[in-house]
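Trainee: Basically the working numbering = 1-based index in the sequence shown + 22.
Even glycine gets a Cβ: it sits at the ideal position worked out from N, Cα and C.
First the structure, which I've put down as C-alpha cells, then a few questions once you've had a look.
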Amino acid sequence: MDIDEEREKIGKFIKAGLVVMSIILLLGIIGGSVKKVVTVSKMQDERKLPIYCVDCSEKKVALSFDAAWGNEDTQAILDILAKHNVHVTFFMTGGWVETYPDDVKAIAAAGHDLGNHSENHKQMSQLSKEECKEEIQKVHDKVKALTGIDMTLFRPPYGDYNNTLVESVNELGYHCVQWDVETLVIKRKMTIYGNLLLFHRCKSLSDL
C-alpha cells in the first residue's frame, strides 16, 4: 500500500461518522470547562470508575490513539490531523516512548496531548498499588525528560482496572480515562456527543 492510500484510509477512519472532533472535551475534564462529567471518583456499588464519556450538548467528541506497537503511520496520522485542525490524545507505553522518541517529540510539537499507557502494558488489576504506581511513574519520567511535559491522563492497558489502580492513578495526580467507542464501530452514524473514541496505533493499517 503506498503512502497516498495509507493517508486516505487513515482519513476515512478519522472522519467516519464524526461531525466535529475535538480534544477540548477531554481537556475540559481537567480544566473544569466541562461541568457534567463521569468522574474518576464516582462510585457504583463501591467500585471507582474511570472517565468513559462526558455529558455534552454540542456536536463534539474526543479522539484518542493508543501507541504501543509500531510507528509506520505516525506522520501520516499527524498530517491528516493537522489538515483538519484536530487535536487528539496519544496514550503511549514506556517501550514506545523509548523506541520512538522523535515521534513523541513530533506529537507534542504538533500540539497534541500526551497520555500515559503504562510502562509494560500489563493487566493493571493484577498489580499491587506500588507496582501500579511504578508502571505509571516510569512512563511519566521518560516523557518529562523528552518533552518537559507532566502528563495527567492515564489509560489502563486492555481497559483493565480496579479500585487499587484508580486510587494509584489519583494519588499520582492523574485522571483515569477509558473510552466508549472503538475504531471498528465508528462506521455507524454517531448520534451521541461527548464520546471518547479509541484508535490503536498499529503496525499495519489493515489491522484497523
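In three-state terms, what does DSSP make of G181?
Mentor: DSSP places G181 in helix when its eight states are reduced to three.
Trainee: Between the Cα of D88 and the Cα atoms of Q148, K70, H143, which residue gives the shortest distance?
Mentor: Residue H143 is the option with its Cα nearest to D88.
Trainee: By a C-beta neighbour count over all protein chains shown, 10 Å radius and 16 as the cutoff for buried, is G137 buried or exposed?
Mentor: Buried: at least 16 other Cβ atoms inside 10 Å.
Trainee: Considering Cα atoms alone, identify which of A132, H197, P123 is closest to L175.
Mentor: Of the listed residues, the one whose Cα sits closest to L175 is H197.
Trainee: What are the boundary residues of the beta strand (DSSP E) that includes T137?
Mentor: Per the sequence presented here, residue 137 reads as Gly, with Thr not at that position. Looking at the DSSP string, the run of the beta strand (DSSP E) that includes G137 is 135-138.
Trainee: Within 10 Å of its beta-carbon, does H106 have 16 or more other beta-carbons around it, so buried, or fewer, so exposed?
Mentor: Exposed, because fewer than 16 other Cβ atoms sit within 10 Å of the Cβ of H106.
Trainee: With 16 other CB atoms within 10 Å as the buried threshold, where does D135 fall?
Mentor: So D135 counts as buried.
Trainee: Suppose you measure from the CA of A104 to the CA of T121; what does that come to, to the nearest Å?
Mentor: For A104 and T121, the distance between alpha carbons rounds to 24 Å.
Trainee: Counting beta carbon pairs with one atom in the stretch 147-161 and one in the stretch 124-132, are three or more of them shorter than 8 Å?
Mentor: Short answer: they don't touch.
Trainee: Taking C-alpha atoms, which residue in P72, D101, N184 lies nearest to G133?
Mentor: Looking at the Cα atoms, D101 is the closest of the given residues.
Trainee: Which same chain residues end up closer than 7 Å to P72 when comparing Cβ atoms and leaving out the 5 residues on each side of it in sequence?
Mentor: Excluding residues within five positions, the ones whose Cβ falls inside 7 Å are V62, Y183, V188, C198, V199, Q200.
Trainee: On the CB-based measure, 16 or more other CB atoms within 10 Å of its CB, does K57 come out buried or exposed?
Mentor: Caution is warranted here: a pLDDT of 37 is assigned to K57, below 50, making its placement in the model unreliable, and the coordinate value is therefore given only provisionally. Answer is exposed; the Cβ neighbour count stays below 16.
Trainee: Comparing C-alpha positions only, which one of M114, K164, E152 sits nearest to P178?
Mentor: Among M114, K164, E152, the Cα nearest to that of P178 belongs to M114.
Trainee: Output the boundary residues of the alpha helix (DSSP H) element that contains D88.
Mentor: No alpha helix (DSSP H) contains D88, which is instead part of the beta strand (DSSP E) from 84-89.
Trainee: Report the residue from G170, H139, I158, E94 whose alpha carbon sits nearest the alpha carbon of A131.
Mentor: Of the candidates G170, H139, I158, E94, the one whose C-alpha sits nearest the C-alpha of A131 is G170.
Trainee: Assuming L168 and V110 are in contact, meaning their beta carbons sit under 8 Å apart, how far apart are those beta carbons, in whole angstroms?
Mentor: In fact, because the Cβ distance is near 19 Å, the residues do not count as touching under 8 Å.
Trainee: Rank A98, G116, T186 by C-alpha distance to the C-alpha of H162 and give the top, closest one.
Mentor: The residue with the shortest Cα to Cα distance from H162 is G116.
Trainee: What number of angstroms, rounded off, separates the C-alpha of E141 from the C-alpha of E94?
Mentor: E141 and E94: Cα-Cα distance of roughly 21 Å.
Trainee: Please report the distance separating the alpha-carbon of T96 from that of K81.
Mentor: Whole-angstrom Cα-Cα distance: 27 Å.
Trainee: For E68 and N192, what's the separation of their Cα atoms in angstroms?
Mentor: Using only the alpha carbons, I get a separation of about 16 Å.
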